[in-house]
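Have a look at the structure below before the remarks.
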Amino acid sequence: MEFNEEELAMMQKQINDNATDKNLTKQERYAHAKAAAEATITEAKRDASVTNATPLIEEQLAAVNKNTPAWLWHSFDGKKSKIETNLKFAEFRNDLSETHPIIVGTERYAVGVHFNGKYWREYKKDSEASKDISSTTMRMLGDYGLVESLPSGNITKLSTFNSSYILEPNEHIDFDDPNLVNFQNGTLNLEEMKVHEYRKEDYLTRMLPVEVRESVDGGLVAEYAHYLLGDEEKTLSEWFGYMMFADATTLNYLVFMTGVGGNGKSTLLNTLLSAFGEYGSSVTFSQLSDDSKAGQYLDNLAHSYANILTEPDTKMNNQALTMLKKLSAGDPLQANPKYRSPYMFQNRAKFLISANSDLPTFPDTEEYHRRLVLLNASAPALRSLPDDKAMDVKTKYAPAKLREALPEYIYYSIGLAKTAIANKRLTLLPSTQARVTNWLQGNDLISEFTHETLKPITGTNGVTLKYLYEHFKSFYADVVGDDHVINMTQFKKELTKKGYEFEMSARKGAEHDAQLVDDWNVNKRNRLKGYGMEQVNLNLTIGAM
1 MEFNEEELAM MQKQINDNAT DKNLTKQERY AHAKAAAEAT ITEAKRDASV
51 TNATPLIEEQ LAAVNKNTPA WLWHSFDGKK SKIETNLKFA EFRNDLSETH
101 PIIVGTERYA VGVHFNGKYW REYKKDSEAS KDISSTTMRM LGDYGLVESL
151 PSGNITKLST FNSSYILEPN EHIDFDDPNL VNFQNGTLNL EEMKVHEYRK
201 EDYLTRMLPV EVRESVDGGL VAEYAHYLLG DEEKTLSEWF GYMMFADATT
251 LNYLVFMTGV GGNGKSTLLN TLLSAFGEYG SSVTFSQLSD DSKAGQYLDN
301 LAHSYANILT EPDTKMNNQA LTMLKKLSAG DPLQANPKYR SPYMFQNRAK
351 FLISANSDLP TFPDTEEYHR RLVLLNASAP ALRSLPDDKA MDVKTKYAPA
401 KLREALPEYI YYSIGLAKTA IANKRLTLLP STQARVTNWL QGNDLISEFT
451 HETLKPITGT NGVTLKYLYE HFKSFYADVV GDDHVINMTQ FKKELTKKGY
501 EFEMSARKGA EHDAQLVDDW NVNKRNRLKG YGMEQVNLNL TIGAM
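The opening position of the sequence shown corresponds to residue 1 in full-length UniProt numbering, with each subsequent residue numbered one higher.
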């Protein structure tokens, strides 16, 4: 017998009902359509009364093919009496390129990048792109249950075909538009200050691990920064917002934040650092001073938006000083990554450095007066507050609450940074500028003081630190004022950084050095090795300055 039009229509409706079930995925609808078609054709073949199954077969194949992607189609093998699966290689490649875009061979990303739906992720090895194509090919076939049904040779040919076309070198592409930044909730246009959905045509290769949300006041994080810094919060916020910009030459600063230990500076800085994830670094001055590994640490900086030090670090040699000048000016530097070839880069990472009472030594020059910023986190140490007050601060500004409020602070800070960029300078209070002057002048005064007063001795154990400091304190206060005199611990550290050494054990001086060594015949700790102090009229030195 032959199927009449009514019977064919009923069979077709059953297939269509399965194929259009909204609760099913497209792969499940395909599987249902194919299974129904195979069952219907098999039943018709068994029915001896069916004299012409061709219309039925054609209807069933049409229903199956309607639920397949463009690269998959089906035919009926009369000899085997089964539905055959066929692949269209070119269409498969186009589908793969659309759903899993890959770019290789560009000047910047020779190895390649792939779009993961949010941003273009860089491959680290030459083989990664090929492996990615093969695994994606297998996944796409597996979604339709074809991995086991297709001959392995066909799958191999398909993967080779895909790789040969997809891995062709691409023409020049401009990656990472400097006006766009990827966040967890979309892409922020820095010019328009609006967030749009992720777009592969933006060609962004990074995404920060936080969201960004509109705010006019910066929320809890800005409030906490103001608690620590007072009106200098604005300077910090401008600098933090500037970290989101690729530009690193308009605002040439190194920003330090000083204050007593335990007052919450690290909590704030760790919150800011968390905004950058893998694109935030904490390369120290000590690491940049390491001759053998500095190039490896520069590799970290080359991929960073920000370099935030949450703990003080003052060890810095001439090599580190030279690097810092180039980093803050955006001059080219060479990174030497481990197990990879060296490369040149221009820094975009902005420095924000925590300090307590101890600060690194910089030359007292116009360049550093212009480039250094020293913010004062004047909030008291929590341990000095009454218990209830300290608990209020800890509760209100708990790290988890600050991180939750960070998206608002990011948006607010970017807005302030745009104004600073337009003005080509950060907002600096007179007290901020005076603090830098005292810092740099203080370093220079120590050199002046030692040059005028320290004299070599024939013995080892010289003038005591206490005696030396009492004379320096008078000298220093007359120049910068009593309020800015450094303490004896910092004075000793500055001398140590200049190469002077102290004997920790109690020792006597030598009698022949008696004119240059205080209490030479008494055992005293912290005697300066190899130097005594000549009694000179320090006021003459001050006047000469």
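We put the beta carbon where it would ideally sit given N, CA and C, even for glycine.
Annotation: the continuous beta strand (DSSP E) that includes G530 extends over R527 to M533.
In the DSSP assignment, Y343 forms a beta bridge with A335.
As the crow flies, the alpha-carbon of K493 is around 33 Å from that of R425. Nearest C-alpha to E211 among V147, V195 and M504: V195. As summarised for the segment 168 to 248, the continuous beta strand (DSSP E) elements at least 3 residues long and confined to that stretch are 180 to 183, 186 to 189 and 194 to 196, given in chain order. Shown here, S281 sits in a strand according to DSSP, grouped into three states. Apart from the 5 residues on each side of it in sequence, R527 sits with its Cβ closer than 6 Å to the Cβ of N461, G462, T464, E503 and R507 in its chain, given in chain order. In the three-state scheme derived from DSSP, where H, G and I count as helix and E and B as strand, H32 is classed as helix.
In the pairwise beta carbon analysis, the segment 173 to 193 is classified as not touching the segment 143 to 157: fewer than three pairs are separated by under 8 Å. For L406, the uninterrupted alpha helix (DSSP H) segment begins and ends at P399 to N423. Leaving aside the five residues that flank V517 on each side, the residues in its chain whose CB is nearer than 7 Å to its CB run, in chain order, I457, G462, V463, G509 and G532.
If you compare the alpha carbons of D331, D126 and L220 with that of K401, the shortest gap goes to L220.
9 Å or more divides the Cβ of M243 from the Cβ of A329. Relative to the Cα of N116, the nearest Cα in the group R206, Q334, Y144 and R93 belongs to R206. Classified as buried, M323 has 16 or more neighbouring CB atoms from the shown chains inside 10 Å of its CB. If you look at E91, you'll find it isn't in any beta strand (DSSP E); it sits in the alpha helix (DSSP H) that goes F89 to T99.
Distance between Y343 and E201, taken at the CA atoms: about 27 Å.
Here the segment 278 to 294 makes no contact with the segment 221 to 230; the two share fewer than three CB pairs at distances below 8 Å. Collapsing the DSSP output to three states places F491 in a helix. Selection I421, A417, T453 and L272 evaluated against P399 yields L272 as nearest (Cα-Cα). One Cα belongs to N263, the other to S431, and the distance between them is close to 20 Å.
With the rule of 3 Cβ pairs closer than 8 Å, the segment 368 to 383 counts as touching the segment 237 to 254. The C-beta distance from L208 to A275 rounds to 6 Å, short enough to meet the 8 Å contact threshold. Rounded to whole angstroms, the separation of the alpha carbons of A129 and S164 is 11 Å. In the structure shown, H471 adopts helical secondary structure according to DSSP, grouped into three states. Taking each of T496, T68 and G530 in turn and checking the Cα distance to M140, the smallest one comes out for T68.
Taken through DSSP and simplified to helix, strand or coil, V393 comes out as helix.
With 16 or more other Cβ atoms from the protein chains shown falling within 10 Å of its own Cβ, Q60 counts as buried. Residue environment for R371: buried (at least 16 other C-beta atoms within 10 angstroms of its C-beta).
When the five nearest sequence neighbours on each side are left out, the beta carbons in the same chain lying within less than 8 Å of the beta carbon of G145 are those of Q27 and A31, in order along the chain. Note on geometry: alpha-carbon atoms of S292 and L440 lie some 29 Å from one another. With at least 16 other beta carbons inside 10 angstroms of its own, N438 counts as buried.
With a 10 Å radius around the Cβ and a threshold of 16 neighbouring Cβ atoms, P312 comes out buried.
Pairing A349 with H74, the inter-Cα distance amounts to about 56 Å. A direct Cα-Cα distance of roughly 12 Å separates H471 from F491. Boundaries of the beta strand (DSSP E) harbouring E122: W120 to E122, taken from the DSSP string.
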